[in-house]
Amino acid sequence: MDNNLKFSKVFYQRITLKSDIFLQYLIILFIGFLISFIFSITLWKFDLDLIHSLSEIFCISISFNIFLLIFHTYYINTAYNRILTFGILFSTAMNIFHTYYFPTSKYNAEAFNDISSIFGILSRLSVVLVLLVSLLFTFKKTLKKFLSLFVVVFISMIFYIIIYHYRSSFKQLLASHNEIFLRILMEAIICISLLICFILFRKKGKRIFITNYNYIYLAILILIPSELCYFISDGTNPFISTCSHVFKMIYFYFFYKAIFVTTIINPHNKLNESIVKLKEKEREMIEILDNMHVGIAIFDNESKISFANSVCLDLLKTKKNDFLGLSSKQVMDNYSGDKSAINIIDPLMKNDYKTIKIVRSYKTTKSEELKLSVEAIKVKNGVQVILTDARKEQELDDIRLQTQAVLNSIDNLVLLLDTRYNVIMCNDALSNAVEMDKNDILKQNVFKLKKLLNSDLKYMPNLKTPYSNPFTKNYNADFTTNSGKKVNLIIYFSSVKNIDNEIIGLIAVGTDITKLLEEQQMQQQQEKLALIGQLGSGIVHETKNYLSAIKGYCQLMTLKISDDAVKKQVKRIENITDDVNRVIMDFLTFAKPSSSVHSSISLNGIVESMKFLFDSLCYNNKINLEFNLTHAQTDIFADETQLKHVVLNIVKNAVEALSETEKPLLSINTELMPGDNKVVLRITDNGKGISKEVLEKLGTPFFTTKDKGTGLGLSLCYRIVSEHSGNIDIKSKEGEGTTFTISFPSSIKSV
């Protein structure tokens, strides 16, 4: 329904607009024909040349005025107006030549009549063509005005020189029947171009010529009868000849009016509208300043009071007419309680300071003593002075200090927000917890603060619909400080209300539960370890029976078999059984660490003793294995079995990491670092690598990336190495591989 009404309204406006233009057009046609009729029966008989010359001079004057209007407002005018004006300037030049060479006496009538006709046709053709160009093309780039003027003048002179130089050739061309044919051809071109202009203008004119549409439209409409008169005129009919000149003057007038409206009337109207709006804004600003709770006085560039609001006048007990216009010195003389006080307006006027804030004694017109807090601020056109009662301000400051002192005495984190979720107050506990200065927190929006602290708090009460929000519910949240410290909180929200029970803000109280969560995690860890110990005891008991049976069979086979090679392999099985037995026993070290037997052993010897096991692992998984053991002594003081467990665990992890690698390579190296008196074992693979997130959690009990893993393998390795005063360093890059560097103190002191 609304769309139909809107369409009807627009349609009605368009019909009305077109009807008005058509009515004006009919009136102008009637007046034009009437004037032409009067001139044709009076002045035509008197002097034909005079009518022609006067009409052409009128058109030249109008077109020259059009050019001056655009030229002086060139860069603030539209591109279409500029193109139209320079086209009319070219037409004016051709018209000047046409008028000059028009036969005005018997002495030059025979010589220059043909040239005058050519210039006249070029003059009228250029007007139509420039209109056509304006409607066909979009102009975005602005040419320099003097360059454009030079180009138009240059082209005009080129045309003049060519036509004047070849005037005899043109005369022959226009002789006899060629003259009629060429004249009709040129007039036909002008009329066809004008018809195209009219069609294009009806489609695009409203968009291109926005402010001067009506006048350009009328000019084009009047161009039509003017050119028709030129087309059918043979110079013998006084009425038609007069019509062509009269309508030419009329359409040039409407061109002038279109440009005049664009360059003079419309800017003037916009200026008046701006002045009205500015005065309305000024009244609104004065009303706003009058309604403020502080006194405001404004000094102009001459240090005289140009404005004072009602609060300022009430403070000084003075009237507006008596106060406005006073200089800063007169204000000091009339109202200052201390005659020796320095005038603070002058330093600001000299740009020595931007802001001055002081507390000063004043006296009212009733000789009452008054202590005011004065803040003078340098502004663009003078100085703005803000006056407040210092005693009331002190009372407010005392209330704020007391409130802040109460908040600072609370151990919980307290944040006070306004209805826009901006922080207006916080206590020291919160400032210390987030490791930010209190001034950086104040006036901060809480959502921006959450982003700065990487907080995961998703819930925030909606103050617009408070009754639907669970204000009394606690919410868990955590955030990270600038130093990387993670803090866990329980947050309680509560609304702040005024005496009318309206919500004016929100208070958030947080309790730091970081240590509590750590203690809970430690307790859960101990419970897990205890459970592992209980399960491990049962597993060890059952597994040891099977291992004992395997070891017994190995010993029996050793006695029964005479082949030394087979005996050697059976002996290896027996040794591996012993190692498995020790590994299972070490599984209980999380809950119940067993006593280790430390002795001086060679790290190279441990690696060499496990070569067979490593070869088997790598052969089954088609992995290339490299050993690069140092020739230096690699003796360390350690438990051999525990160290074998560490090396085997890390090698197994490396083998698993190489499962999807095209050319898997595992490298085991040892090195002696005499400077640090350390022995180093490096286990390197070119597998899939470890991400940064996983790398940070490696060694944490029960953390694993394996589907069936327990997360205890590396944890036990870290514990064993730590008990041997060693260190594990891991370097890894995803897609390139991982290097485990295990270092132990050397048992041989470097000399």
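Residue numbers (our numbering): 408 to 1158. By construction, the Cβ of each residue, glycine as well, lies at the ideal position given by its N, Cα and C atoms. Small disclaimer: the values here were computed from a predicted structure and weren't measured.
(message) Rounding to the nearest angstrom, what Cα-Cα distance links Leu-592 and Ile-434 in this structure?
(response) Numbered from its first residue, the sequence shown carries residue 592 at position 185. Numbered from its first residue, the sequence shown carries residue 434 at position 27. Cα-Cα distance, rounded: 31 Å.
(request) My understanding is that Leu-864 touches Lys-857, with C-beta atoms under 8 Å, so please give their C-beta distance in whole angstroms. (result) By 1-based counting over the sequence shown, the position of residue 864 is 457. By 1-based counting over the sequence shown, the position of residue 857 is 450. Indeed they touch by this definition, with Cβ atoms about 6 Å apart.
(request) Just tell me which of Arg-767, Lys-770, Ile-914, Pro-754 has its CA closest to the CA of Ile-784. (result) Within the sequence shown, residue 784 is the residue found at index 377, counting from 1. The shortest Cα separation from Ile-784 among Arg-767, Lys-770, Ile-914, Pro-754 belongs to Pro-754.
(message) Among the candidates Gly-744, Phe-714, Lys-664, whose CA atom is the shortest distance from the CA of Ser-734?
(response) Here residue 734 corresponds to residue number 327 of the sequence shown, with the count starting at 1. When each option's Cα is compared against that of Ser-734, the closest is Phe-714.
(message) Could you tell me the alpha carbon to alpha carbon distance between Phe-519 and Ile-525, rounded to whole angstroms?
(response) Translated into the one-based positions of the sequence shown, residue 519 becomes position 112. Translated into the one-based positions of the sequence shown, residue 525 becomes position 118. Interpretation of Phe-519 is limited by its pLDDT of 37, a score under 50 that renders its predicted location unreliable; the figure taken from the coordinates is listed afterwards. Distance between the alpha carbons of Phe-519 and Ile-525: 10 Å.
(request) Could you tell me if Phe-1151 is buried or exposed, where buried requires 16 or more neighbouring beta carbons within 10 angstroms of its beta carbon? (result) The residue you call residue 1151 lines up with position 744 of the sequence shown. Classification for Phe-1151: buried.
(message) For a quick check, are the C-beta atoms of Asn-716 and Gly-702 less than 8 Å apart?
(response) Taking the sequence shown and counting its residues from 1, one reaches residue 716 at position 309. Taking the sequence shown and counting its residues from 1, one reaches residue 702 at position 295. It is a contact, given that the beta carbons lie within the stated cut-off.
(message) So, for Phe-659: in the same chain, excluding its five sequence neighbours on each side, which residues have a beta-carbon less than 7 Å away from its beta-carbon?
(response) The count along the sequence shown starts at 1 and reaches residue 659 at position 252. Excluding positions up to five away in sequence, the list reads Cys-466, Ile-469, Ser-470.
(message) Quick check: the Cα distance between Asn-1028 and Lys-1099, rounded to an integer number of angstroms?
(response) Translated into positions along the sequence shown, residue 1028 becomes position 621. Translated into positions along the sequence shown, residue 1099 becomes position 692. The alpha-carbon atoms of Asn-1028 and Lys-1099 are separated by roughly 27 Å.
(message) With a threshold of 8 Å on Cβ separation, who are the neighbours of Val-977 within its own chain once the five nearest residues in sequence on each side are excluded?
(response) For this step, residue 977 is matched to residue 570 along the sequence shown. Here the set comprises Cys-961, Met-964, Thr-965, Ile-968.
(request) Starting from the C-beta of Thr-649, find all residues in its chain whose C-beta is less than 7 Å away, skip the five residues before and the five after it, and write them out in chain order. (result) Residue numbering aside, residue 649 sits at position 242 when the sequence shown is read from its first letter. Only Ser-443, Phe-446, Ser-447, Trp-451, Ile-458 meet the Cβ criterion.
(message) Would Phe-654 and Gly-439 be called neighbours here (beta carbons separated by less than 8 Å)?
(response) Position 247 of the sequence shown holds residue 654. Position 32 of the sequence shown holds residue 439. Yes. Within cutoff.
(request) Throw me the rounded Cβ distance for the Ile-911 and Gln-791 pair, which I believe falls under 8 Å. (result) Within the sequence shown, numbered from 1, the residue matching residue 911 stands at position 504. Within the sequence shown, numbered from 1, the residue matching residue 791 stands at position 384. So it is not a contact: roughly 29 Å between Cβ atoms.
(request) Could you pull out every residue in the same chain whose Cβ sits closer than 8 Å to the Cβ of Asn-1163, ignoring the five residues on either side in sequence? (result) This structure does not reach residue 1163, given that the chain is present from 408 up to 1158, and the question cannot be answered.
(request) Specify the secondary structure class of Arg-767 as computed by DSSP and reduced to three states. (result) On the sequence shown, residue 767 is found 360 positions in, with the first residue counted as 1. Three-state result, Arg-767: strand.
(request) Using alpha carbons as the reference points, say which of Lys-935, Lys-611, Cys-636, Glu-634 lies closest to Tyr-624. (result) As a position in the sequence shown, residue 624 is number 217, starting the count at 1. Of the listed residues, the one whose Cα sits closest to Tyr-624 is Lys-611.
(message) Rounded to the nearest angstrom, what separates Asp-697 and Val-558 at their Cα positions?
(response) Within the sequence shown, residue 697 is the residue found at index 290, counting from 1. Within the sequence shown, residue 558 is the residue found at index 151, counting from 1. Answer to the nearest angstrom: the Cα atoms are 60 Å apart.
(message) Contact defined as beta carbons within less than 8 Å: I believe Ile-629 pairs with Leu-601. What is the distance between those atoms, to the nearest angstrom?
(response) Working through the sequence shown from its first residue, we reach residue 629 at position 222. Working through the sequence shown from its first residue, we reach residue 601 at position 194. Not a contact, Cβ separation roughly 11 Å.
(message) If I follow the unbroken beta strand (DSSP E) through Ala-1039, where does it start and stop?
(response) One-based indexing of the sequence shown puts residue 1039 at position 632. No beta strand (DSSP E) contains Ala-1039, which DSSP labels as neither H nor E.
(message) Quick check on Phe-661: buried or exposed, where buried means 16 or more other Cβ atoms within 10 Å of its Cβ?
(response) Within the sequence shown, the letter at position 254 stands for residue 661. Buried is the call here.
(message) On the CB-based measure, 16 or more other CB atoms within 10 Å of its CB, does Gly-1142 come out buried or exposed?
(response) Locating residue 1142 in the sequence shown gives position 735, counting from the first residue. It is exposed - the Cβ of Gly-1142 has fewer than 16 other Cβ atoms within 10 Å.
(request) Could you round the C-beta distance between Asn-484 and Thr-670 to whole angstroms and report it? I think they count as a contact, below 8 Å. (result) Along the sequence shown, read from residue 1 onward, the residue named residue 484 stands at position 77. Along the sequence shown, read from residue 1 onward, the residue named residue 670 stands at position 263. Correct: roughly 6 Å between the Cβ atoms.
(request) Please say whether Asn-834 and Gly-917 have beta carbons closer to each other than 8 Å? (result) Reading the sequence shown from its first residue, position 510 is the one you call residue 917. Reading the sequence shown from its first residue, position 427 is the one you call residue 834. Contact flag unset, no.
(request) Would you list the one or two residues that DSSP bridges to Met-1017? (result) Residue mapping note: residue 1017 aligns to position 610 of the sequence shown, counting from 1. In DSSP, Met-1017 forms no bridge with anything.
(request) Report yes if the CB atom of Val-540 is closer than 8 Å to the CB atom of Ile-599, and no otherwise. (result) Within the sequence shown, numbered from 1, the residue matching residue 540 stands at position 133. Within the sequence shown, numbered from 1, the residue matching residue 599 stands at position 192. No; because the gap between Cβ atoms is not below 8 Å, this pair is not in contact.
(request) Kindly give me the distance between the Cβ atoms of Val-830 and Leu-860, rounded to whole angstroms, as I take these residues to be in contact under 8 Å. (result) Position 423 of the sequence shown, counted from the first residue, corresponds to residue 830. Position 453 of the sequence shown, counted from the first residue, corresponds to residue 860. So it is not a contact: roughly 12 Å between Cβ atoms.
(request) Specify the secondary structure class of Ser-460 as computed by DSSP and reduced to three states. (result) If you number the sequence shown from 1, residue 460 lands on position 53. Reduced to three states, the DSSP call for Ser-460 is helix.
(message) Rounding to the nearest angstrom, what Cα-Cα distance links Ile-751 and Val-718 in this structure?
(response) As a working mapping, residue 751 is identified with position 344 in the sequence shown. As a working mapping, residue 718 is identified with position 311 in the sequence shown. Each residue's alpha carbon lies about 21 Å from the other.
(message) Can you look up Val-653 in the DSSP assignment and give me helix, strand or coil?
(response) Here residue 653 refers to the residue found at position 246 when the sequence shown is read from its first residue. Helix, per DSSP.
(request) State the Cα-Cα distance for the pair Asn-399 and Tyr-828, rounded to the nearest angstrom. (result) Given a span of 408 to 1158 for the chain in the structure shown, any question on residue 399 remains unanswerable.
(message) For the structure I just gave you, are there three or more beta carbon pairs, one from the stretch 1067-1084 and one from the stretch 1120-1130, closer than 8 Å?
(response) no
(request) Ignore the nearest five residues each way along the sequence and tell me which others in Phe-646's own chain have a CB closer than 7 Å to its CB. (result) As a working mapping, residue 646 is identified with position 239 in the sequence shown. Cβ neighbours of Phe-646 beyond the five flanking positions: Ser-443, Phe-444, Ser-447.
(request) Express the C-alpha separation of Glu-689 and Leu-543 in angstroms, rounding to a whole number. (result) Residue mapping note: residue 543 aligns to position 136 of the sequence shown, counting from 1. Residue mapping note: residue 689 aligns to position 282 of the sequence shown, counting from 1. Distance between the alpha carbons of Leu-543 and Glu-689: 46 Å.
(request) List the residues that DSSP assigns as beta-bridge partners of Tyr-899. (result) As a working mapping, residue 899 is identified with position 492 in the sequence shown. Asn-881, Val-916, per the DSSP bridge assignment.
(request) To the nearest angstrom, report how far apart Thr-888 and Val-894 are at their CA atoms. (result) As a working note, residue 888 is residue 481 in the sequence shown. As a working note, residue 894 is residue 487 in the sequence shown. For Thr-888 and Val-894, the distance between alpha carbons rounds to 8 Å.
(message) Here's a check: name, in chain order, each residue in its chain whose Cβ is nearer than 6 Å to the Cβ of Phe-1034, leaving out the five neighbours to either side.
(response) Within the sequence shown, the letter at position 627 stands for residue 1034. Correct list, in chain order: Ile-1075.
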